[in-house]
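Residue numbers (the numbering used here): 1 to 440.
Where is the CB? At the ideal position from N, CA and C, for every residue including glycine.
Source: prediction; values computed, not measured.
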């Protein structure tokens with residue numbers, strides 16, 4: 001082994017001293033340089049805005065005297081604490097907004113119901129057919145604020161209701177569900193769509209005398225309340241909404257009406273009402289998911305909400321989408337589309353509050369066992385978040401029933417039908433009572 005020569009030792013010492021010198025200079029330069037930290041991400045993974053980050057600029061000056069070894073860690077810790085506090089404050093503010101819209105101020109909405117007529121329009125899918133849920137809400141509202149009648153009805157009622165018995169005679173012949181004048185619907189089969197957006201406030205229109213033969217459809221429309229021995233649902237006027245609106249004054253506390261309709265026109269609905277108090281429209285749309293409002297002429301909707309003094313619009317949808325939702329992507333797509341139609345209604349009825357009622361629990365048979373839809377609570381929460389962002393009210397029927405598995409329990413106790421979807425009259429009354437208590 002060759003021995004290390006003295007001159008090699010000298011070169012090695014020179015290199016070591018040089019490294020120590022330049023290392024010391026570089027360290028001093030780093031110590032004097034300003035610290036640079038990347039903007040930390042928030043809880044959702046996105047980066048905070050520059051405006052929020054600017055609020056922490058003076059924190060750098062506040063820790064300028066901290067020892068250089070711990071300066072970076074300490075500054076980052078302080079900034080993270082501040083960001084955390086800001087996030088907590090933002091969440092508290094969001095919760096406050098949600099609390100603000102948790103209940104409706106009924107006395108404010110219906111403050112003048114003793115001197116004029118005010119309206120509640122309840123749209124929904126088949127869950128509200130037969131006047132389910134709307135019936136209970138109407139009863140409570142009219143008991144507190146006065147009023148009578150059942151609101152708007154279609155010219156041809158294809159689904160019997162629990163409040164009104166309707167009959168339509170065309171040329172003297174009673175019409176069944178599949179008969180009657182030609183109709184167009186904004187929802188349902190595409191074959192029933194029309195080539196324009198003139199569907200009216202109910203999303204449907206009946207064409208009176210649309211044939212070339214004058215007087216070929218001589219119509220008599222009869223309606224009678226199913227509670228005529230009680231004081232409920234009496235009315236004193238019938239209001240025809242169509243291409244030629246008309247108002248028929250009737251005796252006070254009427255329970256029956258017969259209208260003879262002739263001439264060529266479009267009928268969007270007939271309202272049985274009183275000149276003061278609250279009227280509640282029940283507008284079921286079988287098979288509908290709720291995003292049909294933008295397809296209805298805005299002038300028609302705005303005019304109806306304005307002339308009827310609509311103070312509350314209720315949307316009860318989501319159940320028809322459940323069998324087609326198997327991911328959060330599907331949930332987000334539905335909520336995004338529903339939000340667009342809510343914004344449309346808000347523009348057309350700025351005087352009205354909006355309430356969205358989420359879908360009830362629903363169950364299906366899987367390998368011989370009834371199970372709730374897995375994505376239903378995800379949809380329910382997403383709809384609530386959307387309602388908070390739009391500053392409208394939200395009521396979770398799913399939670400009110402008891403959450404997952406509650407529909408099966410309602411089926412076992414006679415409150416729901418054996419299809420795992422719809423309420424029985426008893427269950428609908430209970431749901432209506434729960435809604436009314438929530439609205440207090």
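Quick one, which of the options has its alpha-carbon nearest residue i's?
i, options, result
"residue 457", "180, 370, 363", "Any question about residue 457 goes unanswered here, given that the chain covers just 1 to 440."
"residue 411", "396, 428, 395", "428"
"residue 430", "400, 421, 405", "400"
"residue 157", "174, 145, 141, 148", "174"
"residue 245", "236, 235, 261", "261"
"residue 172", "144, 218, 203", "218"
"residue 236", "227, 251, 389", "251"
"residue 248", "435, 178, 273", "273"
"residue 446", "351, 372, 421, 130", "As shown, the chain starts at 1 and ends at 440. That puts residue 446 outside it, with no answer to give."
"residue 284", "123, 108, 118", "123"
Is DSSP giving residue i helix, strand or coil here?
i, result
"residue 309", "coil"
"residue 78", "Legend: pLDDT at residue 78 = 49, less than 50; position of this residue unreliable, no value from coordinates given."
"residue 442", "Lying before the first or after the last residue shown, residue 442 is absent from the chain, which here runs from 1 to 440."
"residue 363", "strand"
"residue 422", "coil"
"residue 378", "helix"
"residue 430", "helix"
"residue 316", "strand"
"residue 13", "helix"
"residue 322", "helix"
"residue 353", "strand"
"residue 254", "strand"
"residue 175", "coil"
"residue 72", "Any answer about residue 72 is weak, because its pLDDT of 47 lies below 50 and its placement is not dependable; what the coordinates show is given next. In this structure, residue 72 counts as helix in the three-state DSSP scheme."
"residue 246", "strand"
"residue 106", "helix"
Need the endpoints of the beta strand (DSSP E) that residue i sits in, please.
i, result
"residue 371", "369–372"
"residue 204", "204–208"
"residue 341", "It is not in any beta strand (DSSP E) - residue 341 instead sits in the alpha helix (DSSP H) that spans 328–348."
"residue 459", "Because the chain in this structure spans residues 1 to 440, residue 459 falls outside the shown range and cannot be described."
"residue 271", "265–273"
Give me the Cα-Cα distance between residue i and residue j, rounded to the nearest whole angstrom.
i, j, result
"residue 394", "residue 403", "16 Å"
"residue 55", "residue 115", "Any reading at residue 55 is ruled out, since the residue's pLDDT is 32, under 50, leaving its predicted position unreliable."
"residue 36", "residue 328", "Here the model assigns residue 36 a pLDDT of 34, short of 50, so the residue's position is not dependable and the matter cannot be decided."
"residue 315", "residue 259", "31 Å"
"residue 288", "residue 233", "28 Å"
"residue 105", "residue 368", "46 Å"
"residue 293", "residue 370", "34 Å"
"residue 112", "residue 366", "52 Å"
"residue 384", "residue 361", "15 Å"
"residue 224", "residue 363", "36 Å"
"residue 432", "residue 140", "10 Å"
"residue 296", "residue 438", "31 Å"
"residue 125", "residue 275", "29 Å"
"residue 70", "residue 321", "At residue 70, the pLDDT of 43 sits below 50, so the modelled position is not reliable; the number obtained from the coordinates is stated separately. Answer to the nearest angstrom: the Cα atoms are 56 Å apart."
"residue 387", "residue 313", "14 Å"
"residue 120", "residue 422", "23 Å"
"residue 110", "residue 142", "11 Å"
"residue 440", "residue 379", "25 Å"
Is there at least one Cβ from chain C nearer than 8 Å to residue i's Cβ?
i, result
"residue 401", "Although the question refers to chain C, the structure presented lacks it and comprises just one protein chain."
Can you tell me where the alpha helix (DSSP H) holding residue i begins and where it ends?
i, result
"residue 165", "No alpha helix (DSSP H) contains residue 165, which is instead part of the beta strand (DSSP E) from 164–170."
"residue 400", "397–401"
"residue 198", "Note, residue 198: premise wrong, no alpha helix (DSSP H); not H, not E."
"residue 409", "406–412"
Margin query: Measuring CB atoms only, is the segment 236–246 touching the segment 266–283, in the sense that at least three cross pairs come out at less than 8 Å?
Written below: Counting C-beta pairs with one atom in each stretch, the segment 236–246 and the segment 266–283 have three or more that are closer than 8 Å, which means they touch.
Note to self: Between the segment 298–312 and the segment 326–341, can you find at least three pairs of beta-carbon atoms closer than 8 Å?
What the structure shows: No: the two stretches stay apart, fewer than three of their Cβ pairs being nearer than 8 Å.
Check: Using 8 Å as the Cβ pair cut-off and three pairs as the minimum, do the segment 248–256 and the segment 186–193 touch?
Finding: no
Next item on the list: Would you check if the segment 356–372 and the segment 292–305 touch, i.e. whether three or more CB-CB distances between them fall below 8 Å?
Entry: no
Notebook entry, point to check: With a cut-off of 8 Å, do at least 3 Cβ pairs link the segment 129–140 to the segment 165–172?
Noted result: no
Margin query: Measuring CB atoms only, is the segment 138–151 touching the segment 279–286, in the sense that at least three cross pairs come out at less than 8 Å?
Written below: By the Cβ rule, the segment 138–151 counts as touching the segment 279–286, because three or more pairs are nearer than 8 Å.
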